[in-house]
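Data block below; observations after.
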Amino acid sequence: MLASPYRAWIILGAFPFFTLPAGFARIILDVHYPTDVLVGWLTGMSTVIGIHQLMHDKIKQSR
1 MLASPYRAWI ILGAFPFFTL PAGFARIILD VHYPTDVLVG WLTGMSTVIG
51 IHQLMHDKIK QSR
């Protein structure tokens, strides 16, 4: 359970340590073009930011 905002930040902060090496590995293994990986990262970041904003607004309205 992510009851503490600190837990949420720790979990969100850990994601780059998994996604960045995975993306670079996909490029090095010649499985994807660098632009594919970059667009994937940007899409992921946009999704996380959008969901965070929606949840933040929803929580703020319920108070």
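When we follow UniProt numbering, the leftmost residue of the sequence shown carries the number 1, and every step to the right adds one.
We put the CB at the ideal spot given by N, CA and C, even for glycine.
Distance, LEU12 Cα to GLY50 Cα: 14 Å
Anticipated Cβ contact below 8 Å, PRO34 with ILE27, distance rounded: 5 Å
GLY23 burial status per 10 Å Cβ neighbour count (16 or more: buried): buried
Element boundaries [alpha helix (DSSP H), containing TYR33]: Careful: TYR33 lies outside any alpha helix (DSSP H) and carries neither H nor E.
Start and end residues, alpha helix (DSSP H) containing LEU29: Unbroken run through LEU29: none, as it is neither H nor E.
Close Cβ partners of MET1 (< 6 Å) along its chain, the five nearest in sequence each way excluded: Note that MET1 has pLDDT 49, beneath the 50 cutoff, so the model's placement of it is unreliable and no number is given.
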